[in-house]
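K.L.:
For the sequence shown, UniProt numbering begins at 1 and goes up steadily by one.
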Amino acid sequence: MENSNRPKIANVYRGTFIHSTQKTALQILEDELLGVDTDGKIAFTGRGTELVRLSQTFGFSPTEVIQLAKHEFFMPGLVDTHIHACQYSYAGTALDMPLLQWLNTYTFPVESHFKDLQFAHKVYSQVVKRTLRNGTTTACYFATIHTDASLLLGKIANDFGQRAFVGKVCMDRNDSVKHYKETNQESQEETCRFIAELLNKKYPLVRPVVTPRFALSCTGALLGQLGAIAKNNNLHIQSHISENVEEVNLVKKMFPDSESYTDVYLKHNLLTDKTVMAHGCYLSDEELVLFRETGASLAHCPNSNISLCSGMLNVRNVLNHKVKLGLGTDVAGGYSASMLDAVRRALDTSKILTIQNPEYKTLSFEEVFRLATLGGSQALSLDDQTGNFEVGKDFDALRVNVAAPGGPIDLVQCEEPKIILEKFLNLGDDRNIAEVFVAGKKVVPFTEPTTE
Ligand SMILES: [Zn+2]
1 MENSNRPKIA
11 NVYRGTFIHS
21 TQKTALQILE
31 DELLGVDTDG
41 KIAFTGRGTE
51 LVRLSQTFGF
61 SPTEVIQLAK
71 HEFFMPGLVD
81 THIHACQYSY
91 AGTALDMPLL
101 QWLNTYTFPV
111 ESHFKDLQFA
121 HKVYSQVVKR
131 TLRNGTTTAC
141 YFATIHTDAS
151 LLLGKIANDF
161 GQRAFVGKVC
171 MDRNDSVKHY
181 KETNQESQEE
191 TCRFIAELLN
201 KKYPLVRPVV
211 TPRFALSCTG
221 ALLGQLGAIA
231 KNNNLHIQSH
241 ISENVEEVNL
251 VKKMFPDSES
261 YTDVYLKHNL
271 LTDKTVMAHG
281 CYLSDEELVL
291 FRETGASLAH
301 CPNSNISLCS
311 GMLNVRNVLN
321 HKVKLGLGTD
331 VAGGYSASML
341 DAVRRALDTS
351 KILTIQNPEY
361 KTLSFEEVFR
371 LATLGGSQAL
381 SLDDQTGNFE
391 VGKDFDALRV
401 NVAAPGGPID
411 LVQCEEPKII
421 LEKFLNLGDD
431 RNIAEVFVAG
441 KKVVPFTEPT
451 TE
């Protein structure tokens with residue numbers, strides 16, 4: 001036997017595995033073996049024909065191997081790089097206004113209710129469960145300005161076993177809904193309290209993320225302070241950028257000393273290799289270069305961009321600039337909490353760009369699959385831990401059954417795995433997601449007693 005300090009093998013799965021790598025958007029491994037150790041990490045992968053050798057090397061019994069059925073496959077868990085947990089309470093409604101009016105009319109009044117911890121508990125439990133059921137193994141959440149409710153979101157994500165970034169929203173400017181903002185001092189102090197208390201919980205998969213709402217909601221002073229807090233604590237940062245034209249113009253007016261919207265964040269030390277910015281529909285090529293140089297990433301949220309008539313991100317151009325990019329649902333500007341919807345809307349948006357300009361190279365479903373998994377993990381700088389089935393990463397995975405009884409997919413004949421994946425991405429839903437694993441632990445079906 002090899003190194004005896006190695007963690008023991010907890011589970012071995014055999015069947016079809018589909019994932020992306022740096023080199024290829026779609027790698028399909030049929031009759032593959034994958035072993036998960038007791039730390040939840042992928043200990044080995046290999047061909048099914050190597051079962052005997054692998055069982056001897058890694059010390060498991062071939063009879064314990066869990067065999068996938070014919071219409072089943074494993075894919076990496078979906079990574080939602082941008083979702084407002086608090087806005088889940090009105091998801092599917094309020095889609096009749098552009099961004100700034102939408103914020104004032106719907107968002108700020110609803111978010112102000114999250115000082116009520118009972119209400120927060122209800123909505124946050126719902127959103128964590130809904131996203132997990134739909135295969136979101138990693139979520140990058142915005143909460144509200146309320147520290148205790150934001151801490152509660154972290155607890156709920158931890159209790160259900162979801163990998164999550166949680167951001168207490170910071171905003172010291174709000175002229176429309178005056179009771180929903182902080183003073184500069186409150187925002188700083190509460191951000192520090194939030195970070196300290198969340199880190200103190202030592203949740204293995206939940207981390208704080210510094211969250212200025214967006215440039216228009218923050219004074220320059222607050223932006224600078226938040227940049228310093230992120231730097232001093234080596235933390236991730238999330239915000240919004242260049243979502244709609246009116247917003248971009250207002251940012252120009254409000255920050256006349258900055259050369260661009262991107263420059264506003266850059267100047268305040270908010271553009272780092274741990275920054276994820278939502279949208280970016282109107283970024284110039286020069287701004288994309290700043291993203292690449294700093295290592296900051298973009299969260300493409302196509303449902304939201306269309307639902308609020310914000311714009312359409314030219315993903316091909318972003319990828320050509322070698323900027324890291326993941327997908328986000330942006331609930332509730334985006335009406336669906338499912339990352340499968342984000343996949344479909346990303347494809348739709350790409351096709352609309354092709355309709356407008358036949359020269360535009362439409363994204364393939366394989367590319368969008370990569371964005372929803374490995375791309376998202378790169379955008380959140382988590383690709384050393386999750387995003388695909390490389391040995392050493394955590395086992396974050398969906399066990400997909402395209403032939404689930406009562407499900408949305410009808411199979412006429414035995415299809416090859418690539419076709420089955422394409423059908424799942426375009427037609428599937430949570431009925432097809434038989435099991436969800438995060439860091440090796442089965443988190444769906446739910447095992448925790450639910451408190452609804
Ligand atoms: Zn957003």
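For every residue, glycine included, the Cβ atom is placed at its ideal position computed from N, Cα and C.
Within this structure, are the beta carbons of leucine 283 and leucine 99 separated by less than 7 angstroms?
P.N.:
The answer is no: Cβ separation not under 7 angstroms.
K.L.:
Quick one: Cα of isoleucine 18 to Cα of threonine 24, how far?
P.N.:
Going by the C-alpha atoms only, they are around 11 angstroms apart.
K.L.:
Less than 7 angstroms between the C-beta atoms of residue 453 and threonine 81, yes or no?
P.N.:
Outside the modelled stretch of the chain, which goes from 1 to 452, sits residue 453, for which no answer is possible.
K.L.:
Pairing CB atoms from the region 321-336 with CB atoms from the region 59-68, are three or more of them under 8 angstroms?
P.N.:
No, because fewer than three Cβ pairs between the region 321-336 and the region 59-68 fall closer than 8 angstroms, the two stretches do not touch.
K.L.:
Here's the rule: buried if 16 or more other CB atoms are within 10 angstroms of the residue's CB, otherwise exposed. What is asparagine 5?
P.N.:
With fewer than 16 Cβ atoms within 10 Å of its Cβ, asparagine 5 is classed as exposed.
K.L.:
Any chance you could list the residues with Cβ under 5 angstroms from a heavy atom of ligand 1, keeping chain order?
P.N.:
Matched residues: Ala278, Asp330.
K.L.:
Please state if the CB of glycine 161 and the CB of valine 400 are separated by a distance shorter than 7 angstroms.
P.N.:
No. Outside cutoff.
K.L.:
How big is the Cα-Cα spacing for leucine 313 and leucine 95?
P.N.:
Roughly 19 angstroms separates the two Cα atoms.
K.L.:
Would the beta-carbon of asparagine 174 fall within 7 angstroms of that of valine 206?
P.N.:
Contact flag unset, no.
K.L.:
Does the Cβ of asparagine 432 have 16 or more other Cβ atoms within 10 Å, making it buried, or fewer, making it exposed?
P.N.:
Asparagine 432 should be labelled buried.
K.L.:
Going by C-alpha distance, which of Gln22, Tyr88, Glu50, Gln27 is nearest glycine 35?
P.N.:
It is Glu50 whose Cα lies nearest to the Cα of glycine 35.
K.L.:
Express the C-alpha separation of isoleucine 42 and methionine 1 in angstroms, rounding to a whole number.
P.N.:
Low confidence applies to methionine 1: its pLDDT is 47, below 50, so where it sits in the model is not reliable, and the reading given next is rough at best. Distance between the alpha carbons of methionine 1 and isoleucine 42 is about 18 angstroms.
K.L.:
Would you call asparagine 357 buried or exposed, if buried means 16 or more other Cβ atoms sit within 10 Å of its Cβ?
P.N.:
Burial call: exposed.
K.L.:
To the nearest angstrom, report how far apart aspartate 429 and cysteine 414 are at their CA atoms.
P.N.:
Spanning the two alpha carbons is a distance of roughly 20 angstroms.
K.L.:
Tell whether a beta-carbon distance below 7 angstroms holds between serine 176 and glutamate 243.
P.N.:
Contact flag unset, no.
K.L.:
Where tyrosine 180 and glutamine 27 are concerned, what is the direct C-alpha to C-alpha distance, given to the nearest angstrom?
P.N.:
Approximately 47 angstroms between the Cα atoms of the pair.
K.L.:
Give the DSSP-derived three-state secondary structure of asparagine 234 in the structure shown.
P.N.:
Residue state, collapsed to three classes: coil.
K.L.:
Is the Cβ-Cβ distance between histidine 321 and leucine 288 less than 7 angstroms?
P.N.:
Yes, they are a contact pair.
K.L.:
Using the Cβ count rule (16 or more neighbours within 10 Å means buried), how would you classify isoleucine 306?
P.N.:
Flag for isoleucine 306 reads buried.
K.L.:
From leucine 347 to glutamine 56, what does the alpha carbon distance come to, in whole angstroms?
P.N.:
Approximately 45 angstroms between the Cα atoms of the pair.
K.L.:
Checking contacts by CB at 7 angstroms: is lysine 23 closer than that to chain D?
P.N.:
Protein chains in the displayed structure number just one, and chain D is not present.
K.L.:
Just the C-alpha distance for glycine 15 and proline 204, rounded to the nearest angstrom, thanks.
P.N.:
So the alpha carbons of these two residues sit roughly 29 angstroms apart.
K.L.:
Assuming the contact rule is C-beta atoms closer than 8 angstroms, threonine 211 and glutamine 238 should be a hit. Round their C-beta distance to whole Å, please.
P.N.:
So it is a contact: roughly 5 angstroms between Cβ atoms.
K.L.:
So, are the CB atoms of alanine 143 and leucine 153 less than 7 angstroms apart?
P.N.:
Contact flag set, yes.
K.L.:
What does a CB cutoff of less than 6 angstroms around glycine 404 pick up in its chain, not counting 5 residues either side in sequence?
P.N.:
Checking the displayed sequence, the identity of residue 404 turns out to be alanine instead of glycine. Only Arg431, Asn432 meet the Cβ criterion.
K.L.:
Quick check: the Cα distance between alanine 120 and phenylalanine 395, rounded to an integer number of angstroms?
P.N.:
Approximately 30 angstroms, taken between the alpha carbons.
K.L.:
When the distance is taken between beta carbons, is valine 79 closer than 7 angstroms to glycine 392?
P.N.:
No, the pair does not count as a contact, with Cβ atoms beyond the cut-off.
K.L.:
Within a Cβ cutoff of 6 angstroms, which residues of the same chain sit near glutamate 452, ignoring the five residues on either side of it in sequence?
P.N.:
With a pLDDT of only 49 at glutamate 452, under the threshold of 50, the placement of this residue in the model should not be trusted, and no figure is reported.
K.L.:
Below 7 angstroms between beta carbons: does that hold for lysine 168 and serine 187?
P.N.:
Against a cut-off of 7 angstroms, the Cβ pair of serine 187 and lysine 168 comes out as no contact.
K.L.:
Could you give the distance in angstroms between the alpha-carbon of phenylalanine 446 and the alpha-carbon of leucine 250?
P.N.:
Rounded to whole angstroms, phenylalanine 446 to leucine 250 spans 45 angstroms at the Cα level.
K.L.:
What's the gap between the Cα of proline 109 and the Cα of leucine 103?
P.N.:
Distance between the alpha carbons of proline 109 and leucine 103 is about 9 angstroms.
K.L.:
Between the Cα of glutamate 422 and those of Pro7, Phe73, Thr107, spot the shortest distance and give me the residue it belongs to.
P.N.:
Here the closest residue by C-alpha is Phe73.
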